[in-house]
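Chains as they are written, first to last, in our numbering: chain V, 34 to 439; chain F, 12 to 288; chain L, 23 to 316.
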């Protein structure tokens, strides 16, 4: 018996992996992975290049599927085992800064000559909290573009250009909907997820509304915001059933099988559509007549952790990844570096100029350390609106909850 | 008359069997069907039971090099867990059934109900402990967690089994001059074989599909297990159903196979043991 | 009992006891302690707040909702899973051709990894693409697709069905084993006495399986109450909180919104609720065995 125990123990001990000390510094870099891309391969190539440029630094890359990324990071930070450097969703920056998990990078950025204007404004803003810079923008995208199925539009006699206005979108959605044929005009979704919130926000922004005002109080009860909610509610008859548990992913499947004429997605959707046999195009968001659509910024920043023993090396790696000649090769969204982004969309995306224009005009989500709670309240708001509650009342409920967070 | 009634009964039973089979198999059949659908072919409305152009391409994608690493990791972790859990459970179950003092029965209750804590509520404290023991990203951390999680049920299963063994066995051994340790290893353990098989299969099935600990304790790809690996196909905004279902089929196959081979012993082990309560 | 035997007994129990106390009870105590502090990710120096968080949470509509949902979820999953498991076991205990294969197949859902089973069911329930609507429509039972998981009134029911599918095989196998352990002679005797199948079930089979049934209910109650994957993947507790249960609420508060203190309060209530149920079961069980022995 004792022998078996010993045997198992030794076996386990030898299996604990190569954690031996090395002369080199080993940097732990964590990133989430989008399933749409075969990104890890490019990242590995970039890491090799970085290691060649910095022979005394070895980078250990950990990629984590998005659904678990937040939990993994949180557990690691709480357990005192954070990586040295990682990508952080824009909406987590304030919380991670407030928690003391990451360090301000103002000094380093100043010394290295990294300036705000090299990046998209919304992305740079999302890395700033409480007057300090907490991360360098890594990649960005914007919610949302309205991808359209050209064949369905043609059949229903809808001109994509007409859809730019709110009324045009509704009229088009109505024409494109024919439940008897299993055809739907517009893909609404309101499951518990951030995609629900960013689409809601972009309609509120485009209608001139805001989520929080300058003082940080809820602004969803403004006429502009309530108007946007009422507009979204008026689209419900033209959306596939099951909005309250649908995600952007579900809408994509319907778009791909030609039951859905219009879907809301960021530019990240393009590679999937390119691989399909669909004849597609996209409209750059929607706004009331005469106004310009404002999208919601999404994306990731690179942050250096407070617990890292190798902050200097970590900073070097951040600089490397956001460099104009590297950034485009290591992201699956769009590089946050504007010059790299322009080259990237020209090479990899259809309608590059329109994408860049939409990015430059996009607005970030509220920069609050309690953003995740605000987001949850907004999901409830979306679900209430889509299930028929009076938009004014739904907004009042949401604002009561948001203002109670203080 | 009687024969006709018998036949009617048989037909009814067969029909019920068919319904049961359908309930169980329909979702599986669809899973396999989705796994055979070409990635570029969109889903049909209404849903098709069988894809138009079945292909194995999803299986090729699913069986990528990482998958083989995950597979090996899963085997190492599961087998270690099964061995350790069953060993510890045998010891504890023996003590719980043979010794009869009050403190012990309280302890037994405490051990057996320990599975009532929701994993999401205790994962951070456990993570901190694993971290301070310097065991993160090791097989040991996973095996420790799995042994703890599976031990209560394993003890319960084996306890029932051991309780059914007559005390006279040990008395006879004692008369022959065998010490308690020898009695345990040479007489009790061999007699428990069906119970051991049943418990081992149970522990294997639970361990093979565990996700939360596996995700939290491992950080590099070379340490991940299969259930975590499957999640590579679930993205932020979309799911790659074909590859997900293909790798799910691949993941389930080994356990299904093992269960198929051992089902007789599994049921027999439960019969003789756990069901005695 | 000799001194040495007692010593040996402790030695046998020690590893299990040690593991369970260090990795289960100790973290649980940590949860209880944490529930008295205002801890969150963004508030790294926790303040002792006593019962403040409890007061805030217990009075909230959300809490009532979670308690009620957890009750409905656990009750129906456990009862349906055991009834279906028992019925399937009775069926599989008959001598019919192909029964060996059926006994192996019946365990398939249990063997499938939890996350995968949940993704599979979410897809089955899809209002447009799902197999369930497609089958029901082709049978003419419904004339348009139902949004199984998006209607607050039916989402819980749909989640329960998926969980029963995943869980009943285990109950079935345990009951099957118990059925095979029942004394054939007793059943033969009942048949000679002229008892029909229903009488046999009520008078011989069920009493003989009393303990197995109690234990199985206990086990499935614990597992179901803490069952996280299914609801998390199907609905994440939505729509409009219609399916939020303790484990999903704890995960959402702790990992989704960084509110550890409040998650701990839910954790404490979750443990209390289970402890209550377990005590009840043990009460029923010891009551039963006392009656049997008297």
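Glycine included, every Cβ here is placed at the ideal spot set by N, Cα and C.
Any beta-carbon of chain V closer than 9 Å to the one on residue i?
{"i": "residue 87 of chain L", "result": "no"}
{"i": "residue 139 of chain L", "result": "no"}
Where does the unbroken alpha helix (DSSP H) through residue i begin, and where does it stop?
{"i": "residue 134 of chain F", "result": "130-143"}
{"i": "residue 104 of chain L", "result": "83-114"}
{"i": "residue 88 of chain F", "result": "76-109"}
{"i": "residue 69 of chain F", "result": "68-73"}
{"i": "residue 181 of chain F", "result": "179-186"}
{"i": "residue 145 of chain L", "result": "136-146"}
{"i": "residue 304 of chain V", "result": "303-308"}
{"i": "residue 188 of chain L", "result": "177-203"}
{"i": "residue 148 of chain V", "result": "Where residue 148 of chain V is concerned, there is no enclosing alpha helix (DSSP H), given that its DSSP letter is neither H nor E."}
So, for residue i: in the same chain, excluding its five sequence neighbours on each side, which residues have a beta-carbon less than 7 Å away from its beta-carbon?
{"i": "residue 351 of chain V", "result": "118, 169, 335, 337"}
{"i": "residue 234 of chain V", "result": "244, 329, 398"}
{"i": "residue 181 of chain V", "result": "193, 294, 295, 313, 314, 315, 316"}
{"i": "residue 77 of chain F", "result": "232, 240"}
{"i": "residue 141 of chain F", "result": "147, 152, 228"}
For chain F, check one thing: does any of its Cβ atoms lie closer than 9 Å to the Cβ of residue i?
{"i": "residue 292 of chain V", "result": "yes"}
{"i": "residue 170 of chain L", "result": "no"}
{"i": "residue 328 of chain V", "result": "no"}
{"i": "residue 281 of chain L", "result": "no"}
{"i": "residue 252 of chain L", "result": "no"}
Quick one: residues in its chain with C-beta nearer than 6 Å to the C-beta of residue i, no 5 flanking neighbours on either side, listed in chain order?
{"i": "residue 277 of chain V", "result": "223, 416"}
{"i": "residue 136 of chain L", "result": "251"}
{"i": "residue 431 of chain V", "result": "253, 410, 414"}
{"i": "residue 246 of chain V", "result": "252"}
Secondary structure at residue i, three-state DSSP: helix, strand or coil?
{"i": "residue 363 of chain V", "result": "coil"}
{"i": "residue 314 of chain V", "result": "strand"}
{"i": "residue 41 of chain F", "result": "helix"}
{"i": "residue 10 of chain V", "result": "No information on residue 10 of chain V is available, as it lies outside the stretch 34 to 439 that chain V covers here."}
{"i": "residue 119 of chain V", "result": "strand"}
{"i": "residue 229 of chain F", "result": "coil"}
{"i": "residue 182 of chain V", "result": "strand"}
{"i": "residue 216 of chain V", "result": "strand"}
{"i": "residue 168 of chain L", "result": "coil"}
{"i": "residue 176 of chain V", "result": "strand"}
{"i": "residue 251 of chain V", "result": "strand"}
{"i": "residue 425 of chain V", "result": "helix"}
{"i": "residue 170 of chain V", "result": "strand"}
{"i": "residue 75 of chain L", "result": "helix"}
{"i": "residue 291 of chain L", "result": "helix"}
So, is the C-beta of residue i closer than 9 Å to a C-beta in chain L?
{"i": "residue 273 of chain V", "result": "yes"}
{"i": "residue 7 of chain F", "result": "In the structure displayed, chain F extends from 12 to 288; residue 7 of chain F sits before or after that span and is not available."}
{"i": "residue 352 of chain V", "result": "no"}
{"i": "residue 402 of chain V", "result": "yes"}
{"i": "residue 276 of chain V", "result": "yes"}
{"i": "residue 93 of chain V", "result": "no"}
{"i": "residue 108 of chain V", "result": "yes"}
From residue i to residue j, what distance separates their C-alpha atoms?
{"i": "residue 347 of chain L", "j": "residue 280 of chain F", "result": "Because chain L in this structure spans residues 23 to 316, residue 347 of chain L falls outside the shown range and cannot be described."}
{"i": "residue 55 of chain V", "j": "residue 61 of chain V", "result": "At residue 55 of chain V the pLDDT is 46, less than 50, meaning the model places this residue with poor confidence; the figure from the coordinates comes in the next sentence. Their backbone Cα atoms lie some 14 Å apart in a straight line."}
{"i": "residue 48 of chain V", "j": "residue 245 of chain F", "result": "Note on residue 48 of chain V: pLDDT 45, under 50, position unreliable in the model; the coordinate value appears next. Using only the alpha carbons, I get a separation of about 29 Å."}
{"i": "residue 278 of chain L", "j": "residue 170 of chain L", "result": "25 Å"}
{"i": "residue 100 of chain F", "j": "residue 267 of chain F", "result": "24 Å"}
{"i": "residue 95 of chain V", "j": "residue 116 of chain V", "result": "9 Å"}
{"i": "residue 269 of chain V", "j": "residue 275 of chain F", "result": "55 Å"}
{"i": "residue 69 of chain V", "j": "residue 305 of chain V", "result": "Note that residue 69 of chain V has pLDDT 49, beneath the 50 cutoff, so the model's placement of it is unreliable and the number below is only indicative. Straight-line Cα distance between these residues: approximately 7 Å."}
{"i": "residue 226 of chain V", "j": "residue 260 of chain L", "result": "10 Å"}
{"i": "residue 254 of chain F", "j": "residue 127 of chain L", "result": "24 Å"}
Comparing the CB of residue i with every heavy atom of the ligand COA, is any distance shorter than 8 Å?
{"i": "residue 432 of chain V", "result": "This structure does not include the ligand COA; it has no bound ligands of any sort."}
Give every residue of the same chain whose Cβ lies closer than 8 Å to the Cβ of residue i, excluding the five residues on either side of it in the sequence, and list them in chain order.
{"i": "residue 78 of chain V", "result": "362"}
{"i": "residue 226 of chain L", "result": "204, 208, 209, 212, 217"}
In the DSSP assignment, find the unbroken beta strand (DSSP E) run with residue i in it and report its ends.
{"i": "residue 91 of chain V", "result": "90-98"}
{"i": "residue 330 of chain V", "result": "329-337"}
{"i": "residue 293 of chain V", "result": "293-298"}
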